[in-house]
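As you go down the protein sequences, you meet chains A and B in turn.
Here the first sequence is numbered in numbering that gives the first Met the number 0, starting from 0 and rising by one per residue.
Here the second sequence is numbered in numbering that gives the first Met the number 0, starting from 0 and rising by one per residue.
What follows is a short report on a single structure.
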Amino acid sequence: MYARWVLTALLAWPLLAGLVVVLVPARLAKYIALAASLIEFAISVPLWWTFVPAGGMQFTADQPWIAAWGIHYAVGVDGISLFLVLLTTFLMPLSILGSWSYITKREGGFYALLLVLTTGMIGVFVSLDLFLFYVMWEVMLIPMYFIIGVWGGDNRLYAAIKFFIYTFFGSLLMLVAILVLYLHAGRATGTYSFAYGHVLSQVAQLGPVAWWLFGAFFLAFAIKVPLFPLHTWLPDAHVEAPTAGSVILAGILLKMGIYGFLRFALPFFPGVALSDTVQLVIVILSLIGIIYGGLVAMVQPDFKKLIAYSSVAHLGFVMLGIWALTLQSVQGALLVMINHGISTGALFFLVGMIYERRHSRLIEAYGGIARVVPLFAVILTIVSLSSIALPGTNGFVGEFLVLIGSFRTYPIATAVATSGVIIAAAYLLTALQRVIYNPLTQRENEKLTDLTPREIAVLVPLIVCILWIGIYPKPILQRMEPSARALIELIKPATAQAPAVTGGGQP
Amino acid sequence: MNLDPSVSRDLLLSLLPELVLTGWALVLLLFVAWRHQSVRDLRIAGAVTLIALASTAIAIWWLWWNRAGVHGVVSMVAADDFRWVADWVFVGAAALTVLISFTYLEREQLLAPEYYVLLLFGTIGMMVMAAGADLMVIFLGLELMSVAVYVLAGFDRRRARSAEAALKYFLLGAFASGFLLYGIALVYGATGATNLVLIGAQLSTTVKPSAMLLAGLALLIVGFGFKIAAVPFHMWAPDVYDGAPTPVTAFMATGVKAAAFAALFRVMYQAFASVPAWHDILWWLAVITMIGGNLFALGQRSLKRMLAYSSVAHAGYLLVAVTAGGVAGTSAFLVYIVAYTLMSLGAFAVLSAKGRGGESDVLIDDLSGLAARRPWLAFALAICMLSLLGFPGTAGFIGKWYVLIAATSAGQNALAAILVLTSVVSAGYYLPVIMAMYMKPEPTEAAHVDVCLDRWARAAVATVVVGLLLLGVWPNPLFDLAKTAGDSVHAVEAGTATAAPVAPGGRGGSGQR
C-alpha cells in the first residue's frame, strides 16, 4: 500500500501545500510551510526501512498521461535516487526554518515557491519517463528563478536571468535529443513510448548519431553540475540567492546534473561516454574544476563566494569518481553528493545566520568572534572540517572512496585530485581562522549574539548527519551498493560492443 | 454526412457557418446604421457580435458532429475537420477580441460600433480562406479579411500612428495580394486549373515542373509570406502592430496569421505535395524567420513592439510545422495555433489594460512592480510570457513540443535544433517582462493605480490563463481533435478525388472517437 502511493504523495503534497500557502494570510505562511515540509519528510522516512537494496526500481507507479505520444506518469526509486529524495525532504524543513527571520517581504510567495520547488526536485529524481523527467527538470527552474530574482541580493536580476538562460539553453538541446531517442526507439520497435526502460533497450543500435545526442545531454547536465568552464552562473546565483536558495542550489540542484549523468547520459551512450576522447575531456575538466575551484576560493574576500567555488571543486570529485566507474568510486561519488548537500548546506546556513546579524559576508569584517559567539564558532569549525574531509566526518568517507576507487582507473589524475583536498584545507582553514580566531579588532562584532534555539534546531540535524556518516556510513553504502553495481554492469559490457568507440569523436 | 456541392441544399449546408455569420453581420450593419452614437449602442453591438460568434461556433460544431464532408467530387469548398478546427480558432480569437474591446473602445473614445461589423467581416474572410479548396476562393477570403483589417488598423483615425499603420498595411497588403493573384494566374497557366485537388492530380503525373509553375509557386509563397509576416516579408508588421489599436493588433497577430497559415497548409499539401521545390524555400524561410524574429525582438523596449516581433518569431515556429508536413505537421500546426492564439491574446489584453492614450509607448520597464499592485494581472501576464517562451506546464510548451516531434520525425533534426536555440534567445525578451513585474520596485506609488480591466476583459484573461494551464497539463482532447483534422487534409492528398469511406451518423458513437 505504502509502496504504491508514496512517491505520488511526495510529489502532490508540496504542490497542494504550496497552493494553500499562497492563499492564507502572509503571517501564517511560514508555519504552514514548515508543517507541510515536516509532513513531507515524515512521508519519506519509511522509504529508508522499506527499501530493499537488491530490489532494483521500487515504489513504482505507472499511469498513462498523454496516450497519443506514449507519455506516462511513471515513477520509481533505486539505490541511486533514494538518497537524493531523502536529502531533498530532509533539507526542505531546515531551509524553511532557516528562512524564518531572513525573509521579510512577500512571505507567502516565498514559501509557496519553496514547496513547488520540492515537487520539481523530487520529480527529477523519481521520473522513469523521459517526458516527465524533462517537465520536472524545467519546472524547478521557475521557482528558483523567482527565489533568486525577488528575494536575492543587490545584483539579483543579473544572477537570476543568467541562471535561467544557462540552464534553459542546456535543457532545450536535451529536449531535442530526447525526441530523437524516442523516435529511434519507436521506429525500431513500433511502440512509441517515452518510458525509460523502453528507450534504454534500443540505444545500442543508435550508431554515429549517439555522439550528437550525448553532446546534448552532456551540455544540459554539465551546466547543472557545473563542470568547468560552464560554471560561471554558479557563483553569481549562490551569492545573490537568499540563504534557503543557496542551500537548495548547492544541496540538491547541483546533484541533478550528476544524477542526469548517472541515470541517462551514461547508460544511454556508454560507448561515447567511455570513449578515450570523452574520458580524457571529462577527467581534465573535473581536475580543472577541483584545482581551479579551490584556488579561486582561496582568494575570495566574500565568504559565500568562497563556499560557492568550493562547490565547483567538490563536484569535480564527483565527476571523477563517476567516470572512473569502479564500485568504490561510484559509491564514493554518490556519498560525496550527499555529504556536499549536508556540509555545504550547513555552511550556507551559518553564513546566512551571521549575515543576518552583521549584514556583511566579507571575511575581513569578522575576526576573533569565537569569544563573542562560541556556539557559532564550534559549529562552524565542525562543518568546515567535514567540508575539508577530516577523518571522522562524512566528507572523509566520500572523498576517500572516490580517490581509492579512481586510482585504479586514472592513477595520475587521482594523484592530481588529491592535491584538491590540501587546497580545500588551505582555503577553509584560513577563512576559519580569519573569521572566528585572530584578535577581535572590529567593534561592531563585540555585540554579536550567539545562536538562537531556532538556529540550533536548524544546525543540529546537519551536525548529527555529519558525524553519523563519518563514523558509521555502512547503512547508506549498503543500500547503494546493488544499484551502483548494476549501473556499472549496465555500462561496462556495453562499451565492448559499441560501434566507433575509439573513433576520436567522428563516425 | 456526405455533402454534394452540386446540390444547392448541400452547398448551403457546407457554407452554413459562413452564412450564419454573414447574416448576423448584415443585421449588425443595419443596426449600426441607425444607432451609432452612444456608449450604449456600442455595448449592444458588442453583445450582438458575441451572440453571432456563439451561434457560428454552434453551426461549426453541428457540422463537425455530423462529420460533414465533401467526398468523391471536386468542390470549390472543402468540408473537413481541418476547416472546422481552424474555424473554431478564428471564432474564438474574434470572441476574445470582442471581450477586450469593450473597455478599450470606450476609454479611447472610439464610439463607432462599425468596429464590430468589420470584425465580423474579417472573421468571415478567415473562414472562407480556411474553407477554400480552390485558389480563387482562397483569394476571395483573403481579400475580404484584408480589407476589413485594413480599416480596423486605422480605426483610431484621430491618431497619426494609427493612420500610418493602416496606410502602410494597405499599400503593402495590396502589393502582396497582387503577387498572390499573379501567382494564381501562373499556376493556372501551367496546370489549367485553380482547384487544389485538380492541380494536385495534374502535378502528380508531371515529372518535371515547368518554369511557369515554379514562378507561380514562388509568387504564392511571397503572398502568403507577407500575410503571415515571415522574414523577410515582415517589415510592415512592427509598425502596423504598433500603430493599430491594441485589440485589433491582437486580432491581427492571431486570427489573420492563423487564417493565412491554414490556407498555406491546404495549398501546399493538397495542390503542390508532389513538387519538392517549395520544401527548401520554406525551410529557409522558417530558419530566417525564427532567427530574425527573435533577434529583432531582443532589442525592443516597447512591450507592443516586442510582442509584434515575437509574433514574427512564432510565425517561424509555425513554418517549421509546415515544412515538417505530414499528418504530424498539420496536427502540430493546429495545436500550436490554438496555444499561440490564447497566449498572444492574453498578453495583448493585459497590455490594453496598462495603456492610455494609444499606449504604443508602454515600455517593458513601465510594468515595474505591477505584481505588488495587481497580483492577478501580473500572474496572467507571467503565464502568457512563460507560455510564449514554451515552458512546461503551459500550452505553449505542448505546442512547441508537438512541432518538435513533427520536425524530428520528418528527419528535420537541424530545424528542430534551430527552433530550440532561438527559443533560448526568446528567454532574453520574455523574461524581462516577468522580471519587471516581480523583481523591480514600483517607480511611484501611483504608477499602476489606473491599471484595470472590466469584467468582460477579465473573463477573457481568465479564460486564456485557465486554458493555457489546462492544455499544458491535459492536452489529450486537443490532440485527438488535431489528429483527426490533420488526417482529413492528407486524406485528400493521398486519394485524390476518389471516394473515401464515409462513416454514417454523428460522433460520440462507440468506436468512432
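All residues carry an ideal CB built from backbone N, CA and C; glycine is no exception.
### 8 angstroms Cβ cutoff, Gly148(A) in contact with chain B
yes
### Touch test, the segment 320-334 of chain B against the segment 473-485 of chain B, Cβ-Cβ under 8 angstroms, three pairs minimum
yes
### Task
Would you list, in chain order, the members of the segment 301-318 of chain B that have their beta-carbon closer than 8 angstroms to a beta-carbon of chain A?
none
### Query
Mind pulling the alpha helix (DSSP H) runs of 4 or more residues that sit fully within the segment 275-345 of chain B?
276-297, 302-323
### Query
So which of Leu11(B), Leu25(B), Ser309(B), Ala320(B) has the shortest CA-CA distance to His278(B)?
Ala320(B)
### Message
Looking at Ala285(B): is its Cβ nearer than 8 angstroms to the Cβ of Leu414(B)?
### Response
yes
### Message
Determine, for Tyr437(B), whether the minimum Cβ-Cβ distance to residues of chain A falls below 8 angstroms.
### Response
yes
### Query
Is Asp133(B) helix, strand or coil by DSSP?
strand
### Among Phe163(A), Tyr133(A), Ile70(A), Phe124(A), the one whose alpha carbon lies nearest that of Pro142(A)
Phe163(A)
### Message
So Val401(A) and Ser309(A) are supposed to be a Cβ contact under 8 angstroms. How far apart are they, rounded?
### Response
Contact doesn't hold; Cβ gap of about 16 angstroms is too wide.
### Task
Have a look at the DSSP bridge pairing and note the partners of Gln508(A).
In the structure as shown, chain A starts at 0 and stops at 506, and residue 508(A) therefore has no counterpart that could be examined.
### Task
Please confirm if Ile382(B) has its CB atom under 8 angstroms from at least one CB of chain A.
no
### Task
Check the DSSP bridge columns for Ser126(A) and list the partner residues they point to.
Val74(A)
#### Entry: Amino acids of chain A, ordered along the chain, whose beta-carbon sits closer than 9 angstroms to that of Ile363(B)
Under the 9 angstroms cutoff, chain A gives no residues; its nearest Cβ is about 13 angstroms from Ile363(B).
### Query
Shorter than 8 angstroms from the beta carbon of Ile404(B) to some beta carbon of chain A?
yes
### Task
For Ile564(A), count neighbouring C-beta atoms within 10 Å of its own C-beta (all shown protein chains included) and say buried if the count is 16 or more, exposed if not.
Because residue 564(A) is not part of the residues shown, which for chain A are 0 to 506, the question remains open.
### Task
Taking 8 angstroms as the cut-off, decide whether the C-beta atoms of Val127(B) and Tyr115(B) are in contact.
no
### Query
For Leu171(B), which residues of its own chain have a beta-carbon under 8 angstroms away from its beta-carbon, when the five flanking residues on both sides are left out?
Phe225, Met234, Trp235
### Task
Assuming Val179(A) contacts Leu129(A) (C-beta within less than 8 angstroms), just tell me the rounded distance between them.
About 11 angstroms separates the two Cβ atoms, so there is no contact after all.
### Message
Taking 8 angstroms as the threshold (C-beta atoms), are Leu216(B) and Val274(B) in contact?
### Response
yes
#### Entry: Among Leu388(B), Val47(B), Ala189(B), nearest to Ile433(B) - alpha-carbon criterion
Leu388(B)
#### Entry: Gly121(B) vs Met144(B) beta-carbon contact at 8 angstroms
yes
### Message
Assuming the contact rule is C-beta atoms closer than 8 angstroms, Leu41(B) and Glu105(B) should be a hit. Round their C-beta distance to whole Å, please.
### Response
7 angstroms
### Query
Looking only at its own chain, which residues have a Cβ that is under 6 angstroms from the Cβ of Ala252(B), when we skip the five neighbours before and after it?
Ser310, Ser343
### Query
Is Pro498(A) close to chain B, meaning its C-beta is less than 8 angstroms from at least one C-beta of that chain?
In this prediction, Pro498(A) scores a pLDDT of 39, lower than 50, which makes its location untrustworthy; the coordinate-derived value is nonetheless stated afterwards. No, because no Cβ of chain B sits closer than 8 angstroms to the Cβ of Pro498(A).
### Asp365(B), DSSP secondary structure in three states
helix
### Query
Rounded to a whole number of angstroms, what is the C-alpha to C-alpha distance between Leu314(A) and Ser285(A)?
8 angstroms
### Query
Which bits of chain B does Leu182(A) rub up against, with CB to CB less than 7 angstroms?
Thr407, Ser408
### Query
What's the C-alpha gap between Ile403(A) and Thr242(A)?
34 angstroms
### Task
Please report the Cβ distance between Ser43(A) and Ile95(A), rounded to the nearest whole angstrom; I am assuming they are in contact, meaning their Cβ atoms lie under 8 angstroms.
Contact doesn't hold; Cβ gap of about 15 angstroms is too wide.
### Query
For Leu385(B), which residues of its own chain have a beta-carbon under 6 angstroms away from its beta-carbon, when the five flanking residues on both sides are left out?
Thr393
### Start and end residues, alpha helix (DSSP H) containing Met251(B)
Careful: Met251(B) lies outside any alpha helix (DSSP H) and carries neither H nor E.
### Message
Strictly by DSSP, which residues pair up with Val76(B)?
### Response
Gly131(B)
### Message
Would you call the segment 235-247 of chain B in contact with the segment 195-207 of chain B, where contact means no fewer than 3 C-beta pairs closer than 8 angstroms?
### Response
no
### Query
Where does the unbroken alpha helix (DSSP H) through Met297(A) begin, and where does it stop?
275-297
### Query
Between Gly193(B) and Met135(B), which are expected to be in contact by the criterion C-beta below 8 angstroms, what is the C-beta distance as a whole number of angstroms?
The amino acid at residue 193(B) is misidentified as Gly; the sequence shows Thr. The pair is a contact, with the Cβ atoms about 5 angstroms apart (cut-off 8 angstroms).
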